[in-house]
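**Student:** I'd like to ask some things about the structure below.
Protein chains: 2
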Amino acid sequence: MKTLPGKELAAAVRAQTQAEAAAGPQPRLAVVVATADEASLWYVRSIAKAAAGVGIACDLVDLGPGAAPDRIGETLARLSADPNVHGVMMQTPLPAGASAQELAGAIDPRKDVDGANPLSLGRLAAGLPAFPPATAAAVMALLDHYEVELEGRRAVVAGRSTVVGKPLAHLLLDRNATVTVCHSRTRDLASVTSTAEVLVAAVGRAGLIGAAHVAPGAVVIDVGTNPTEDGGLTGDIASGEVAAVAGALTPVPGGVGPVTTALLLRHTARAANLP
Amino acid sequence: MKTLPGKELAAAVRAQTQAEAAAGPQPRLAVVVATADEASLWYVRSIAKAAAGVGIACDLVDLGPGAAPDRIGETLARLSADPNVHGVMMQTPLPAGASAQELAGAIDPRKDVDGANPLSLGRLAAGLPAFPPATAAAVMALLDHYEVELEGRRAVVAGRSTVVGKPLAHLLLDRNATVTVCHSRTRDLASVTSTAEVLVAAVGRAGLIGAAHVAPGAVVIDVGTNPTEDGGLTGDIASGEVAAVAGALTPVPGGVGPVTTALLLRHTARAANLP
Chain B
1 MKTLPGKELA
11 AAVRAQTQAE
21 AAAGPQPRLA
31 VVVATADEAS
41 LWYVRSIAKA
51 AAGVGIACDL
61 VDLGPGAAPD
71 RIGETLARLS
81 ADPNVHGVMM
91 QTPLPAGASA
101 QELAGAIDPR
111 KDVDGANPLS
121 LGRLAAGLPA
131 FPPATAAAVM
141 ALLDHYEVEL
151 EGRRAVVAGR
161 STVVGKPLAH
171 LLLDRNATVT
181 VCHSRTRDLA
191 SVTSTAEVLV
201 AAVGRAGLIG
211 AAHVAPGAVV
221 IDVGTNPTED
231 GGLTGDIASG
241 EVAAVAGALT
251 PVPGGVGPVT
261 TALLLRHTAR
271 AANLP
Chain H
1001 MKTLPGKELA
1011 AAVRAQTQAE
1021 AAAGPQPRLA
1031 VVVATADEAS
1041 LWYVRSIAKA
1051 AAGVGIACDL
1061 VDLGPGAAPD
1071 RIGETLARLS
1081 ADPNVHGVMM
1091 QTPLPAGASA
1101 QELAGAIDPR
1111 KDVDGANPLS
1121 LGRLAAGLPA
1131 FPPATAAAVM
1141 ALLDHYEVEL
1151 EGRRAVVAGR
1161 STVVGKPLAH
1171 LLLDRNATVT
1181 VCHSRTRDLA
1191 SVTSTAEVLV
1201 AAVGRAGLIG
1211 AAHVAPGAVV
1221 IDVGTNPTED
1231 GGLTGDIASG
1241 EVAAVAGALT
1251 PVPGGVGPVT
1261 TALLLRHTAR
1271 AANLP
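Respectively, the protein sequence lines represent chains B and H. Numbering follows our numbering, with no gaps: position 250 of the first sequence is 250. To convert, take the position in the second sequence, counting from 1, and add 1000; that gives our numbering.
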């Protein structure tokens, strides 16, 4: 079995992004945060650090875990209207009572570098230019980097989130794959996932996908990032047993994750250069 | 095999819509037309007639087959801004060079009664309130009318149009079906469609789906409306041979079609009563 790490691709995307960022006025990403969740704050700081590394300015706009939904929406709208800000991202989780989908409607689609606005998802589905969520884009970038054929092939996406599963289904359809979306209510999950030539797991349940879920030789992309007891990360794929069946598998950590951050920055540099 | 006609359901929807329309100020639907295509004009006139039958005003705004895209977009925006118009629909085909997806962005989502604006599709995908395209809504209404179980079942949609296949995939996912979208580039179509407990054909190719494409007992919904040489309509399903295999099948004509028109009017009445 072939392992498909993301670090080399992420480094290439970052290098290209750095060049794009240096070519014009400095791109600026604003990340709106309204949580005390440690993993979330860690991720946001890692974005800021990666942005600095490629010459992109990154403002953390921390509204605190008690922020009212209206205030979050107003902040997203204000940043969207600010000509000095090129990318706007809203970090989840949000305070209780706030709907990420509704609030993200306040992000200008031209600055929606993490594809959170439902209009971005709709434009993506309709085949119009739009930024996909960085995670969904990272899955496609990895498949392309490793030259995985998609045309006419059977792709199965486990997970139907607005952030990964649904936009990914549209990106795969756009590449002429035959696409199945399965989820927690799917009966006999293994019978569905084992039809996949390309299988993407984006459910958020450690070890959900075992050897019985995977067709021999399948390309398996693991989007899961589940915390382990020792403070590490593990994917949705039971990698030990799946390695004996799959043809190729992305590692966690070091697979989709680094590519996601790199693409978020690429989107920001591109947003800064939109005509 | 059970036949699943749409006329009874359409009549029930029309009766309910007539009551809703009579309860407030008269709803008004504006249909923008920019084609000389006879089938299209026939369909638009049938909408106007059906609207009159349930007490909904219907304006045909005919810009002619040579209308410039800008003029179509401006017309959609003007109608969207008109407080006396509650539903705005853009009939296809459009003149060469006009993008239906881009132009439909000018329709206020609250008046987008045929779900043509990419924002409506994105909101639908994100689980937010939105009008689905009337055809996609008609498929769901027929499945519900005939009490077809969807939870956890395998649904296959043949066709990936923005008008039917894609929104329908989201509507089926939202009902907890496991959903596969296949299309012209799908390899071995029969091997995919024959896994369906619920199969929807929305490709636009007469007789594409034969007996070998259908699992014994499957519920089959035929969205195809292909013109026949004698001036009639035929579906995407080869109904003669499929009838021997399927558990249930919608007829063409008289299946999805009448329900679609009735739901377009229901959406208009609802748009008129949005808070």
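Note that CB positions come from ideal geometry on N, CA and C, so glycine has one too.
Identify each residue in the stretch 1182–1196 of chain H for which the Cβ-Cβ distance to at least one residue of chain B is less than 7 Å, and report them in chain order.
**Tutor:** Hits within the stretch, in order: C1182, R1185, T1186, R1187 and V1192.
**Student:** Are there 16 or more other CB atoms within 10 angstroms of the CB of A1269/H, so buried, or fewer, so exposed?
**Tutor:** Answer is buried; the Cβ neighbour count reaches 16.
**Student:** Let me check one thing: in DSSP terms, what residues is P1227/H bridge-paired to?
**Tutor:** Paired residue(s): L1233/H.
**Student:** Any residues in the stretch 1141–1172 of chain H with a beta carbon nearer than 8 Å to a beta carbon of chain B? Which ones, in chain order?
**Tutor:** Listed in sequence order: E1151, G1152, R1153, R1154, R1160, T1162, K1166, A1169 and H1170.
**Student:** Entirely within the stretch 161–226 of chain B and at least 4 residues each: give me those alpha helix (DSSP H) ranges in chain order.
**Tutor:** Fully enclosed alpha helix (DSSP H) runs of 4 or longer: 165–174 and 189–193.
**Student:** Provide the residue(s) that pair with G1087/H in DSSP beta bridges, ordered along the chain.
**Tutor:** L1029/H, per the DSSP bridge assignment.
**Student:** Span of the alpha helix (DSSP H) holding A104/B?
**Tutor:** It spans A100 to A104 - the alpha helix (DSSP H) in which A104/B sits, taken as one unbroken run.
**Student:** Return the chain-ordered list of same chain residues with a C-beta closer than 6 Å to the C-beta of G1207/H, the five sequence neighbours on each side being excluded.
**Tutor:** Taken in chain order, the residues that qualify are A1238.
**Student:** Residues in the same chain with beta-carbon distance under 8 Å from R1071/H, minus the five sequence neighbours each way, listed in chain order, please.
**Tutor:** These residues qualify, in order along the chain: L1063.
**Student:** Does any C-beta atom of chain H lie closer than 9 Å to the C-beta of R123/B?
**Tutor:** Yes, R123/B lies at the interface with chain H (some Cβ there is under 9 Å from its Cβ).
**Student:** Return the residue from the list T35/B, A34/B, L4/B and A51/B that minimises the CA-CA distance to A15/B.
**Tutor:** Ranking the options by Cα distance to A15/B, first place goes to A51/B.
**Student:** Taking only the alpha-carbon atoms, compute the straight-line gap between N1084/H and R1028/H and give it to the nearest angstrom.
**Tutor:** If you take the alpha carbons of N1084/H and R1028/H, they lie about 7 Å apart.
**Student:** How many Å lie between A1098/H and A126/B at the Cα?
**Tutor:** So the alpha carbons of these two residues sit roughly 15 Å apart.
**Student:** Below 8 Å between beta carbons is the criterion; list the residues of the stretch 224–240 of chain B that meet it against any residue of chain H, in chain order.
**Tutor:** Answer set for the stretch 224–240 of chain B: empty.
**Student:** Which runs of the alpha helix (DSSP H) at least 4 residues long sit entirely within the stretch 56–85 of chain B? Give them in chain order.
**Tutor:** Qualifying alpha helix (DSSP H) stretches, in chain order: 69–81.
**Student:** Of all the options A1130/H, P1167/H, M1140/H and R1175/H, which has the alpha carbon lying nearest to the alpha carbon of E1151/H?
**Tutor:** Out of A1130/H, P1167/H, M1140/H and R1175/H, R1175/H has the C-alpha closest to the C-alpha of E1151/H.
**Student:** Against chain B, does G1127/H count as a neighbour if the rule is that its beta carbon must be under 9 Å from one of theirs?
**Tutor:** So yes, G1127/H belongs to the interface.
**Student:** Per DSSP, what kind of secondary structure is R153/B in: helix, strand or coil?
**Tutor:** Here R153/B sits in coil by DSSP.
**Student:** Within 10 Å of its beta-carbon, does K1276/H have 16 or more other beta-carbons around it, so buried, or fewer, so exposed?
**Tutor:** Outside the shown range of chain H (1001 to 1275) lies residue 1276/H, about which nothing can therefore be said.
**Student:** Mapping DSSP to helix, strand and coil, what is A51/B?
**Tutor:** Three-state DSSP puts A51/B in a helix.
**Student:** Does any residue of chain H bring its CB to less than 9 Å from the CB of V179/B?
**Tutor:** Cβ-Cβ to chain H under 9 Å: yes for V179/B.
**Student:** Does DSSP classify L1142/H as helix, strand or coil?
**Tutor:** Helix, per DSSP.
**Student:** Strictly under 9 Å for the Cβ-Cβ distance: is L1119/H near chain B by that measure?
**Tutor:** It does; some Cβ of chain B falls within 9 Å.
**Student:** Whole angstroms is fine: what's the gap from A991/H's alpha carbon to V1242/H's?
**Tutor:** Because chain H in this structure spans residues 1001 to 1275, residue 991/H falls outside the shown range and cannot be described.
**Student:** Using a threshold of 9 Å, state whether the C-beta atoms of I209/B and V256/B are closer than that.
**Tutor:** Their beta carbons are not under 9 Å apart, which means I209/B does not touch V256/B by this criterion.
**Student:** Starting from the beta carbon of N176/B, find every residue of chain H whose beta carbon is closer than 8 Å, and list them in chain order.
**Tutor:** Under the 8 Å cutoff, chain H gives H1183 and R1185.
**Student:** Going by DSSP, what residue range makes up the alpha helix (DSSP H) through G257/B?
**Tutor:** First-last of the alpha helix (DSSP H) with G257/B: V256 to A272.
**Student:** I want to see whether chain H comes within less than 9 Å of Q91/B, judged by CB atoms only; does it?
**Tutor:** No, Q91/B does not count as interfacial toward chain H.
**Student:** Does the distance from the CB of G73/B to the CB of L103/B come in under 9 Å?
**Tutor:** Yes, these two residues count as a Cβ contact at 9 Å.
**Student:** According to DSSP, A248/B sits in a beta bridge with which residue or residues?
**Tutor:** Its beta-bridge partners are K2/B and V219/B.
**Student:** Quick check on the burial criterion: 16 or more other C-beta atoms within 10 angstroms. Buried or exposed for G217/B?
**Tutor:** Its Cβ having fewer than 16 others within 10 Å, G217/B is exposed.
**Student:** Does A1034/H come out as helix, strand or coil in the three-state DSSP assignment?
**Tutor:** Coil at A1034/H, not helix or strand.
**Student:** Between L263/B and V13/B, which are expected to be in contact by the criterion C-beta below 8 Å, what is the C-beta distance as a whole number of angstroms?
**Tutor:** Contact flag correct, Cβ pair sits at about 6 Å.
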